[in-house]
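Engineer: I am attaching a structure below and will ask some questions about it afterwards.
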Amino acid sequence: MASVDPLDSALDLLRRLNPKDVKKNVDYLCQLAPSLTEELLESVDIPLAVKRCTKTGRDFLCCDYNRDGDSWRSPWSNEFEPPVEDGEGVVPSDRIRKMEIKANEAFDVYRELYFEGGISSVYLWDMDDGFAGCVLLKKSVSPSPKSSGSWDSIHVFDAQDRARTAHYKLTSTVILSLGTDSENLGTMDLSGNMVRQVEQDMAVEDDGSHVANIGKMVEDMELKMRNLLQEVYFGKAKDVVGDLRSIPALSETNRDRATQREMINSMGR
Amino acid sequence: MPSNNPALASFVESAPPGELLDVTKAIKSILADDPSALQSLTPAFEKYNEEQFATVKLPGGSEEVIVSPHNSLGDGRYYDVASQSSFAFDHATQKASAVQSYVLESSRLDLIKSLLKSLSLHTTEHYPKSSLGVYPIENDSKIAILTVASKYSPNNFWNGRWRSLYIFSPGNGSLAGSLKVDVHYYEDGNVRLLTDKPVSVSLPSSANASEVAKQIAIAERKYQEDLNKAFGSLSEGAFKALRRQLPITRQKIEWEKISGYRLGQDIGGGRSR
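Chains as they are written, first to last, in UniProt numbering: chain Y, 1 to 269; chain V, 1 to 273.
So this is what it looks like as structure tokens:
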């Protein structure tokens, strides 16, 4: 038997186990196979943690891209929370930090327009032939005491500079968790994540164009993914339940189908 | 590696319908086929199969029969009432062997047989494919009624299972149980629906099999209707409240003018509220 790469197996396992437990399962996998730790933390998206920026009082989101040991860099102050021991922690170059500030302002507007609440954070970092970054958005709701939901989007991209254009590569994950609990229904949990990728070349005049280009790509992607999530969560999942059990009696359904077939056949004659 | 590793047990426990073998294969690869660790999975497999009402086709049989705590004979053997047989079940491979004839001895045998008959009318009308089990439990004082319907479509990246369990007490007519639905969808992602609905109905203590079957049919229909409604209300409620499809202006953002959007707007910007 050809041996399977343990990392691929770990990712396959995470694609099967309850997505609600992804953080716990990643921790378990790291205990079982410590050699996979770094790659797993890099490649598996878990719900975003929230931290408060001491300097500005604003909340920001934490992921592997703004982490240095046990500290996370605030996009609002550019400082690590808590301060990094032994040194300063890696921050972007001046040019990239300027773009990062602009991108955070822009996605703050985006967040308010689409999410009407929640938290956003954008992190950029320098690359040899351009730069890379991630756009993070998070919102939780409980529209009634009996139901709750949370949305985490994680958009990771890189931008390769070319003459007057840039080549963008975007990988987007949305983690959507919905639950309801009532006497009629018992408990119902509908949770998961979906991932999509896109690549695009777009015109660039200055660094401001980068922010606009990334904004458009993320906006288009989230629209597409929201429709997809709607289809899978409320269409597909419900259809599967209907495939398992039928509310109308199957003998009636089959009889109706037979009648329908007969009608179609007789019309064709 | 400790033999009672909680990580491995937890992986097995949350395997989606029809995917236990895939989960096991992945665990083996991650552990590089460490035989002692795999050995430790045996209790987890047994628990999983019994909780999930695993079904198996007996050698030479045509119907799939159920594996559960309620028809366990111990030592990895289980029995089926309808086919009057018992069998050994391998929890790791989910295969049956060593079938023997098994005649159930129970003071409730007549009721059990009538329940099987009445309920199979209901299951064939409402489940395209299902397995049914009726077993005496607790020294014949109660009867466990199980239905499991699974549908696997791995080529289309989804699998699903419906489980019903009822404990009927002929002495006082109480019928209590739970309905559970488990759906997994995993094309470019991982989405899981997990539900659990407790059911409790009181019947006259003289209730016969067809009355029990009727109450079960009513409870399951009601639940499925409520579940369908819940999909709608989550979509219209929590989902809509999380993210709009388009901004209130019904137009996409003009990113070149994004700095102008700040004017005249109070944007909270993730401040805690």
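Cβ coordinates follow ideal geometry from the N, Cα and C atoms, glycine included. These numbers come from a predicted model, not from an experiment.
(1) Is any beta-carbon of chain V found at less than 9 angstroms from that of Y:E69?
(2) With DSSP as the reference, label Y:A159 as helix, strand or coil.
(3) V:W158 to V:N190, Cα distance in whole Å?
(4) So V:A88 and Y:R16 are in contact, right, with Cβ under 8 angstroms, and what is the actual spacing, rounded?
(5) Going by DSSP, name the residue or residues bridged to V:P198.
(6) If we call anything under 9 angstroms between Cβ atoms a contact, is Y:L178 one with Y:Y233?
(7) Can a CB atom of chain Y be found closer than 9 angstroms to the CB of V:N228?
(8) Classify V:V23: buried if its beta carbon has 16 or more other beta carbons within 10 angstroms, exposed otherwise.
(9) Tell me, please, which residues DSSP counts as bridged to Y:M49.
(10) Compare the C-beta of Y:E221 against all C-beta atoms of chain V and say whether one is closer than 9 angstroms.
(11) Can you find the residues in the same chain that come closer than 7 angstroms, C-beta to C-beta, to Y:N78, ignoring five residues on each side of it along the sequence?
(12) Look at the Cβ atom of V:R163, then the Cβ atom of Y:I247, and state whether they are nearer than 9 angstroms.
(13) May I have the straight-line CA-CA distance separating Y:E42 from Y:N66, to the nearest angstrom?
(14) With DSSP run on the structure shown, which of helix, strand or coil describes residue 274 of chain V?
(15) Cβ atoms of V:A176 and V:S205: under 9 angstroms apart, would you say?
(16) Name, going along the chain, the residues of the stretch 186-217 of chain Y whose beta-carbon falls closer than 7 angstroms to a beta-carbon of chain V.
(17) My output table needs one value for V:M1: the three-state DSSP class, helix, strand or coil.
(18) With H, G and I counted as helix, E and B as strand and the rest as coil, what does DSSP make of Y:D27?
(19) Flag this pair as touching only if the stretch 132-144 of chain V and the stretch 178-192 of chain V have three or more C-beta atom pairs under 8 angstroms; answer yes or no.
(20) In whole angstroms, what is the alpha-carbon distance linking V:V67 and V:Y135?
(21) Quick one: what's got a C-beta closer than 8 angstroms to Y:K102's C-beta in the same chain, skipping five residues either side?
(22) Measure the alpha-carbon distance for Y:L170 versus V:I30 and round it to whole angstroms.
(23) Quick check on the DSSP output: the alpha helix (DSSP H) that includes Y:H210 runs from which residue to which?
(24) Taking V:L21 as the reference, which of V:T124, V:E105 and V:Q94 has the closest Cα?
(25) Measure the Cβ-Cβ separation of V:G237 and Y:S147 and say whether it is below 9 angstroms.
(26) Applying a beta-carbon distance threshold of less than 9 angstroms, which residues of chain Y neighbour V:K117?
(27) Please list the partners that Y:L136 has in chain V, where partner means a Cβ-to-Cβ separation under 9 angstroms.
(28) Determine, using beta carbons only, whether Y:N25 comes closer than 9 angstroms to chain V.
(29) Counting only beta-carbon atoms, is Y:M263 nearer than 9 angstroms to chain V?
(30) I want to see whether chain Y comes within less than 9 angstroms of V:Y48, judged by CB atoms only; does it?
(31) With distance defined between alpha-carbon atoms, name the residue in Y:I264, Y:L223, Y:G89 and Y:G215 nearest to Y:N104.
Structural biologist: Let me spell this out:
(1) Residue identity differs from the one stated: residue 69 of chain Y is Gly in this sequence, not Glu. No, because no Cβ of chain V sits closer than 9 angstroms to the Cβ of Y:G69.
(2) Strand at Y:A159.
(3) When rounded, the distance between both Cα atoms is 10 angstroms.
(4) Beta-carbon to beta-carbon, V:A88 and Y:R16 are separated by about 28 angstroms, too far to satisfy the 8 angstroms threshold.
(5) In the DSSP secondary-structure assignment, V:P198 is bridged to V:S178.
(6) For Y:L178 and Y:Y233, yes; Cβs fall inside 9 angstroms.
(7) So, interface residue.
(8) With 16 or more other Cβ atoms within 10 Å, it is buried.
(9) The displayed chain sequence assigns Ala, not Met, to residue 49 of chain Y. Its beta-bridge partners are Y:C62.
(10) First, the residue type needs correcting, since residue 221 of chain Y is Met and not Glu in the sequence shown. So, not an interface residue.
(11) Apart from the 5 residues on each side of it in sequence, Y:N78 sits with its Cβ closer than 7 angstroms to the Cβ of V91 and R97 in its chain, given in chain order.
(12) In this structure, V:R163 keeps its C-beta atom at 9 angstroms or more from the C-beta atom of Y:I247.
(13) Distance between the alpha carbons of Y:E42 and Y:N66: 12 angstroms.
(14) The structure shown does not extend to residue 274 of chain V, since chain V is modelled only from 1 to 273, so the question has no answer here.
(15) Contact: no.
(16) For the stretch 186-217 of chain Y, which is checked against every Cβ of chain V, the residues closer than 7 angstroms are G186, T187, M188, D189, L190, S191, G192, N193, M194, V195, R196, A212, G215 and K216.
(17) Interpretation of V:M1 is limited by its pLDDT of 44, a score under 50 that renders its predicted location unreliable; the figure taken from the coordinates is listed afterwards. Coil at V:M1, not helix or strand.
(18) Helix at Y:D27.
(19) Segments in contact, no.
(20) So the alpha carbons of these two residues sit roughly 12 angstroms apart.
(21) The residues are D207, G208 and V211.
(22) Here the C-alpha atom of Y:L170 lies approximately 29 angstroms from the C-alpha atom of V:I30.
(23) Looking at the DSSP string, the run of the alpha helix (DSSP H) that includes Y:H210 is D207 to Q230.
(24) Closest in alpha carbon position to V:L21, among V:T124, V:E105 and V:Q94, is V:Q94.
(25) Going by C-beta atoms, V:G237 is nearer than 9 angstroms to Y:S147.
(26) The premise fails here: V:K117 is roughly 17 angstroms from chain Y at the closest Cβ pair, so nothing lies under 9 angstroms.
(27) Here the premise fails: no neighbours, minimum Cβ distance about 11 angstroms.
(28) Chain V has a Cβ within less than 9 angstroms of the Cβ of Y:N25.
(29) So no, Y:M263 is outside the interface.
(30) So no, V:Y48 is outside the interface.
(31) When only C-alpha atoms are compared, the closest one is Y:G215.
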